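Student:
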Amino acid sequence: MKQDLWKQFIWNLSVLRPAASHSELPAGLMFRPAERHEETVVQALVARAFSFDDQWSGSYRRIADPLGQRIHQAFRSQEHAAVAVLHGPRMIAVACLSTDSDSGNHLLSGPCVLPEYRSRGLGSALLLHSLDYLRRAGLHVARAICKEGTTVSRYIYPKFGGFSSPCPESPFPTSP
8 MKQDLWKQFI WNLSVLRPAA SHSELPAGLM FRPAERHEET VVQALVARAF
58 SFDDQWSGSY RRIADPLGQR IHQAFRSQEH AAVAVLHGPR MIAVACLSTD
108 SDSGNHLLSG PCVLPEYRSR GLGSALLLHS LDYLRRAGLH VARAICKEGT
158 TVSRYIYPKF GGFSSPCPES PFPTSP
């Protein structure tokens, strides 16, 4: 079994300045917090986004259960555990969040966009909106962990002042 390499990204939220070009969505799309009763929809969207991403081939199967449990816990412990992008009534992208200041990973799922809506700048816009949401929740620093070499680690997380370092341990320990 191939060992995945991980990176941790950190943003200083006190200097976060939303850029208008990244915070706007195309016409017909809007941001809103996901409600507790939408957890099933959020979990399904996250699973579909990861499952249809070739960069996660084989890896997602190993992290699906612990990731789903973390998202479930966030929905139980926070009023709004996710930021969603909607196209009309349809949820098309989501980022699950932890507002616990001591968390090592505030962006639990990272920006997850349905395959048919990718390559439209939604991942970057969702990241910026998520960071701003965490800032407004009182956090001064946001952290995220992602698999090295993925689109999010190469092109999305370095934006908005994010800097990275290797993550020596897997955020999803394997069972014996």
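In this text, residue positions in the sequence shown follow this note's numbering: the first is 8, and each later residue adds one. Glycine included, every Cβ here is placed at the ideal spot set by N, Cα and C. Quick caveat: nothing in here was measured; it's all calculated off a predicted structure.
Which same chain residues end up closer than 7 Å to S21 when comparing Cβ atoms and leaving out the 5 residues on each side of it in sequence?
Tutor: Translated into positions along the sequence shown, residue 21 becomes position 14. Hits under 7 Å: H147.
Student: Using DSSP bridges, identify the partner residues of K166.
Tutor: The count along the sequence shown starts at 1 and reaches residue 166 at position 159. For K166, which the question treats as bridged, DSSP gives no partner whatsoever.
Student: Quick check on L23: does DSSP put it in helix, strand or coil?
Tutor: The count along the sequence shown starts at 1 and reaches residue 23 at position 16. Coil, per DSSP.
Student: Could you check where the alpha helix (DSSP H) with A56 kicks off and where it finishes?
Tutor: The residue you call residue 56 lines up with position 49 of the sequence shown. Start and end: E46 to S58.
Student: At what residue ranges does the stretch 57-121 contain a whole run of the alpha helix (DSSP H), taking only runs of 4 or more?
Tutor: Counting only runs of 4 or more, we get 66-84.
Student: State the Cα-Cα distance for the pair E46 and S172, rounded to the nearest angstrom.
Tutor: The residue given as residue 46 occupies position 39 in the sequence shown. The residue given as residue 172 occupies position 165 in the sequence shown. Whole-angstrom Cα-Cα distance: 31 Å.
Student: Note the first and the last residue of the continuous alpha helix (DSSP H) segment covering L141.
Tutor: For the purposes of this step, residue 141 is taken as the residue at position 134 of the sequence shown. Counting along the chain, the alpha helix (DSSP H) containing L141 begins and ends at L129 to R143.
Student: Are the stretch 93-109 and the stretch 122-131 in contact at 8 Å, needing three or more beta carbon pairs?
Tutor: With a cut-off of 8 Å, the stretch 122-131 and the stretch 93-109 count as touching, because enough Cβ pairs lie within range.
Student: Can you look up S172 in the DSSP assignment and give me helix, strand or coil?
Tutor: Here residue 172 refers to the residue found at position 165 of the sequence shown. Correct three-state label for S172: strand.
Student: Tell me the residue span of the beta strand (DSSP E) that contains A151.
Tutor: Translated into positions along the sequence shown, residue 151 becomes position 144. Where A151 is concerned, the enclosing beta strand (DSSP E) stretches over V148 to K154.
Student: What residue from K154, Y140, I70 and N112 has the CA that sits closest to R39's CA?
Tutor: In the sequence shown, residue 39 corresponds to position 32, counting from 1. Here the closest residue by C-alpha is Y140.
Student: DSSP on R39, reduced to helix/strand/coil?
Tutor: Here the question's residue 39 lines up with position 32 in the sequence shown. Correct three-state label for R39: strand.
Student: From A56 to G130, what does the alpha carbon distance come to, in whole angstroms?
Tutor: Here the question's residue 56 lines up with position 49 in the sequence shown. Here the question's residue 130 lines up with position 123 in the sequence shown. Cα-Cα distance, rounded: 12 Å.
Student: Among Q15, Q10 and D11, which one has its Cα closest to the Cα of S160?
Tutor: Taking the sequence shown and counting its residues from 1, the one referred to as residue 160 is at position 153. Nearest option by C-alpha distance: Q15.
Student: What is the rounded straight-line gap between the Cα of R127 and the Cα of W63?
Tutor: Taking the sequence shown and counting its residues from 1, the one referred to as residue 127 is at position 120. Taking the sequence shown and counting its residues from 1, the one referred to as residue 63 is at position 56. Taking the straight line from one Cα to the other gives about 20 Å.
Student: Is it true that the CB of W18 sits closer than 7 Å to the CB of G169?
Tutor: As a working mapping, residue 169 is identified with position 162 in the sequence shown. As a working mapping, residue 18 is identified with position 11 in the sequence shown. Going by C-beta atoms, G169 is nearer than 7 Å to W18.
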